[in-house]
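Taken in order, the sequence shown gives residues 1 to 671; the numbers are from full-length UniProt numbering.
We treat Cβ as the ideally placed atom computed from N, Cα and C, and that holds for glycine.
Take a look at the structure below.
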Amino acid sequence: MSRLRKNLIAAAVIAAIVGVNLPAVAGFASRQWHDYRINRDDYKARHGHWSFLDVPDEFKVNAIHAALLRTGKVLIVAGSGNNAANFDKGTFKTVLWDPTKPGQAGEFKMIDTPVDFFCAGHVLLPNGNLLIAGGTLRFEVLKSKVKRAGGALVVKNESPHISRQFHPGTLIAAPSGRLYRTTAHITVPPAEKIESGVPGKARIKPSETKVFAESVIEGAPGVFTSPGGYVKYEIQGLTGREKRNLYAMGADMTLEKQDFQGIKDAYEFDPIAERYIKVQDMAEGRWYPTMTALPDGKVMTVSGLDTVGQITRDNEFYDPQTRTWIPGPKRFFPSYPALFLLDDDTLFFSGMSAGYGPGQLALRPPGIWDYRHDTDRLVKSAGGVGGVAPDEMEAFTPVPGLPEPELNETGASVLLPPAQDQRIMVMGGGPVGERQPGLPNATDRTAIVDLKQPAPRYVRGPDLSDPVRYPSAVLLPDDTVFSFNGSSDYRGRGDSDVLRAEVYRPKSNSFHEAAAPAVGRNYHAEGLLLPDGRVLSMGSDPLFADEEGTIPGSFDQRIEIYTPTYLYNGEKRPVITDGRRMLGMGSRAGFKTPDAERIQEVRLMRPSAVTHVTDVEQRSIKLDFTRVPTGIVVTVPTNPALAPPGWYMLFGVTAKGTPSPARWVHIGGDR
Numbered sequence: 001m002s003r004l005r006k007n008l009i010a011a012a013v014i015a016a017i018v019g020v021n022l023p024a025v026a027g028f029a030s031r032q033w034h035d036y037r038i039n040r041d042d043y044k045a046r047h048g049h050w051s052f053l054d055v056p057d058e059f060k061v062n063a064i065h066a067a068l069l070r071t072g073k074v075l076i077v078a079g080s081g082n083n084a085a086n087f088d089k090g091t092f093k094t095v096l097w098d099p100t101k102p103g104q105a106g107e108f109k110m111i112d113t114p115v116d117f118f119c120a121g122h123v124l125l126p127n128g129n130l131l132i133a134g135g136t137l138r139f140e141v142l143k144s145k146v147k148r149a150g151g152a153l154v155v156k157n158e159s160p161h162i163s164r165q166f167h168p169g170t171l172i173a174a175p176s177g178r179l180y181r182t183t184a185h186i187t188v189p190p191a192e193k194i195e196s197g198v199p200g201k202a203r204i205k206p207s208e209t210k211v212f213a214e215s216v217i218e219g220a221p222g223v224f225t226s227p228g229g230y231v232k233y234e235i236q237g238l239t240g241r242e243k244r245n246l247y248a249m250g251a252d253m254t255l256e257k258q259d260f261q262g263i264k265d266a267y268e269f270d271p272i273a274e275r276y277i278k279v280q281d282m283a284e285g286r287w288y289p290t291m292t293a294l295p296d297g298k299v300m301t302v303s304g305l306d307t308v309g310q311i312t313r314d315n316e317f318y319d320p321q322t323r324t325w326i327p328g329p330k331r332f333f334p335s336y337p338a339l340f341l342l343d344d345d346t347l348f349f350s351g352m353s354a355g356y357g358p359g360q361l362a363l364r365p366p367g368i369w370d371y372r373h374d375t376d377r378l379v380k381s382a383g384g385v386g387g388v389a390p391d392e393m394e395a396f397t398p399v400p401g402l403p404e405p406e407l408n409e410t411g412a413s414v415l416l417p418p419a420q421d422q423r424i425m426v427m428g429g430g431p432v433g434e435r436q437p438g439l440p441n442a443t444d445r446t447a448i449v450d451l452k453q454p455a456p457r458y459v460r461g462p463d464l465s466d467p468v469r470y471p472s473a474v475l476l477p478d479d480t481v482f483s484f485n486g487s488s489d490y491r492g493r494g495d496s497d498v499l500r501a502e503v504y505r506p507k508s509n510s511f512h513e514a515a516a517p518a519v520g521r522n523y524h525a526e527g528l529l530l531p532d533g534r535v536l537s538m539g540s541d542p543l544f545a546d547e548e549g550t551i552p553g554s555f556d557q558r559i560e561i562y563t564p565t566y567l568y569n570g571e572k573r574p575v576i577t578d579g580r581r582m583l584g585m586g587s588r589a590g591f592k593t594p595d596a597e598r599i600q601e602v603r604l605m606r607p608s609a610v611t612h613v614t615d616v617e618q619r620s621i622k623l624d625f626t627r628v629p630t631g632i633v634v635t636v637p638t639n640p641a642l643a644p645p646g647w648y649m650l651f652g653v654t655a656k657g658t659p660s661p662a663r664w665v666h667i668g669g670d671r
């Protein structure tokens, strides 16, 4: 057979194979071209670059929470990881990742985890410890799986001389005689004796302790419908004085969905000892709370589902000096509200939250909260502004103008850089809950409010590239915001993740395309800035892999790292070689650098503590500085409401936006 004939036959065979497998060949070629294109130097310089972190299998966890510690290590908290089987077994996990160790992946370490921190709150304290409080007491039970009627009870004690503990399984009888068992351990304190100033005329204020109870028998026979609101339930097994003074109050016992319930536990994670340290419990159980650092070093803790699965309005302060909790002003916020500290020591609620709470917009308006002068009086009427009673409005100033306010759940909020500008931006979001008739599942909206204006109001910003819920938003040291990932439907339903990334530039009020990530991320996703200027991205907990809801989603344990364009611009990075670690408010401090002439800006960046794409910790503060022969001298702000006490990353930034590797410094307060 001639060579020509052989070649013709071979060509025909190849053509036949290609014809049969054209989609596969085309797909392979497309992937090859994509990989080639995104790894070109010119592409990286324009769009940045993503890479995978090689995590050993034994350290792969369902990343629910993440915080950057002052050691440069990242604390990745899973708790039970939204896994009921892990919760039932008491299997709770935390991983500590050290990116500075030799090797491409750094070093990983498992941390003993004492309770289920799944959906807790966290904040960095002035000494560098991470306060983490709340978490899961009981997993939710969907209506279709509720076997026993249940509901919330308030156990009351009218005696100032009795304190009583009740173990899980304590029997409580409804007026109908139906029996219910408590599901958690509670301690009922004595009643409060309030002296009137008149001998023999003291008033007794009963103590109140919440507990959830469910029917002894399954199904409809366990349902109890109260004839008129709250009624008295009788605690079984009590005698004498205890029987007279201890009882429960409650309403209906139903077969409706039973929500998650929160724990009262609180811990500090010590980044030096690398362990959790138990501190005093909160007064309230909390699941989905927000914690915000305050100028005096204390922490404002708000919202969350309590020990019976109801959103609490009993807010609390944490004092790190005494490691104790102090009652705060009562005020309602939806769970995981984006609550930012402003430079006048007020708090701004952006209007965004991560979930749970009423759909009525009047009960969740964005606004400025003067928490220092708030009252703790209960709402007694339905008047006031926007359906909020007058007592509630005394210390809260609503901020108008937010477009599409019905799409304020599962969106991102950031304090735009530099923090001195006092501008807050919201990105994306969706309706309350899974889906709402007549509303889109997600929005591409952004909006910005300038809180320095005499009458601040939101104005619409440039649209995102795609409508998304769960977008991550990370501040970068070049005064830009990196926005990425998200899904166009609730929890990534039906493979609705959006592989998007873009950079917002506040100076031009515009978005610019960035390299797209390889992993789609939705619910339970985190993004944070690393000290070397890169961005860490992890977590994703899709509900269903298909639109019909027949294929369960699986938690994505892969971790990606984004390298921004400023590390591909061909410029040598500036370095800060030496300088003081401890800086007082209003002080001046020198830092050695051979690159003083190239440094055009200096930024003080507070490290992230992020969960559910909510991060009220990150902020970038502009520092004034002068050049000296050996380096630079910076001036620290005098206002602790602008720069709350704690550990920060100090970056020197060139005219091209190239940042130095961060240098850790401590600002004011307790070290």
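Own chain residues within Cβ distance below 7 Å of residue i, not counting five before or after
i      : result
THR480 : VAL503, TYR504 and ARG505
PRO206 : LYS156, ASN157, GLU158 and ALA191
LEU137 : ALA184, GLN261, GLY262, ILE263, GLY285 and THR307
ILE17  : Since pLDDT at ILE17 reaches only 41, below the 50 mark, its modelled position is unreliable, and the value read off the structure follows with that caveat. Around ILE17: no qualifying Cβ.
ASP319 : LYS298 and ILE326
PHE269 : LEU75, ASN129, LEU130, ILE132 and TYR276
Test item: CB-CB of residue i and residue j under 7 Å
i           : j      : result
MET249      : TYR230 : yes
residue 682 : THR635 : Past the boundaries of the shown model lies residue 682; the chain is included only from 1 to 671, so the question cannot be answered.
GLY527      : PRO471 : no
VAL399      : PRO366 : yes
LYS257      : LEU142 : yes
LEU246      : LEU255 : no
ILE326      : PHE317 : yes
PHE224      : ALA184 : no
VAL468      : ALA442 : yes
LEU536      : ARG491 : no
PRO645      : GLY304 : no
LYS60       : GLN453 : no
ASN522      : SER508 : no
LEU130      : ILE559 : no
PRO168      : PRO640 : no
GLY631      : GLU547 : no
TYR458      : LEU402 : yes
Same chain only: Cβ atoms within 6 Å of residue i, ignoring 5 sequence neighbours per side
i      : result
TYR336 : TYR288, THR290, SER353, ALA354, HIS612 and THR614
PRO661 : ASP532
PRO637 : ALA643
ILE368 : THR346, PHE348 and THR397
ASP595 : PRO574
ALA395 : ASP370, HIS373 and ASP374
Close beta carbons around residue i, own chain, < 8 Å, minus the five adjacent residues each side
i      : result
LEU642 : ASP343, ALA419, GLN420 and ILE621
SER196 : ALA202 and ARG203
LYS592 : ILE576, THR577, ASP578, GLY579, THR630 and GLY631
The alpha helix (DSSP H) enclosing residue i, as first and last residue numbers
i     : result
TYR43 : 41 to 47
Extent of the continuous beta strand (DSSP E) run through residue i
i      : result
LYS243 : First-last for LYS243: 240 to 245, but that is the alpha helix (DSSP H), not the beta strand (DSSP E).
PHE87  : Taken as a continuous stretch (DSSP letters only), PHE87 belongs to no beta strand (DSSP E), being part of the alpha helix (DSSP H) at 84 to 89.
ASN315 : 314 to 319
PHE117 : Taken as a continuous stretch (DSSP letters only), PHE117 belongs to no beta strand (DSSP E), as it is neither H nor E.
PRO437 : Here PRO437 belongs to no beta strand (DSSP E), and DSSP marks it neither H nor E.
HIS612 : Element bounds for HIS612: n/a, residue is neither H nor E.
ARG581 : Premise fails: ARG581 is in no beta strand (DSSP E) and is neither H nor E.
THR94  : 93 to 98
ASN157 : 150 to 157
GLU502 : 501 to 505
TYR490 : Taken as a continuous stretch (DSSP letters only), TYR490 belongs to no beta strand (DSSP E), as it is neither H nor E.
TYR562 : 559 to 563
ARG469 : Careful: ARG469 lies outside any beta strand (DSSP E) and carries neither H nor E.
GLY532 : The sequence shown places Asp at residue 532, not Gly. Unbroken run through ASP532: none, as it is neither H nor E.
LYS298 : No beta strand (DSSP E) contains LYS298, which DSSP labels as neither H nor E.
ASP624 : 619 to 628
VAL77  : 74 to 79
ILE667 : 663 to 667
ASP374 : Segment: none, ASP374 is in no beta strand (DSSP E) and carries neither H nor E.
TODO: Spell out a yes or no on whether the stretch 92 to 100 and the stretch 579 to 597 are touching, meaning 3 or more CB-CB pairs, one atom from each, closer than 8 Å.
DONE: no
- [ ] Report yes or no: do the stretch 591 to 606 and the stretch 70 to 77 share at least 3 C-beta pairs separated by less than 8 Å?
- [x] no
Task: Sufficient close CB pairs (3 or more, under 8 Å) joining the stretch 456 to 464 to the stretch 514 to 530 - done: no
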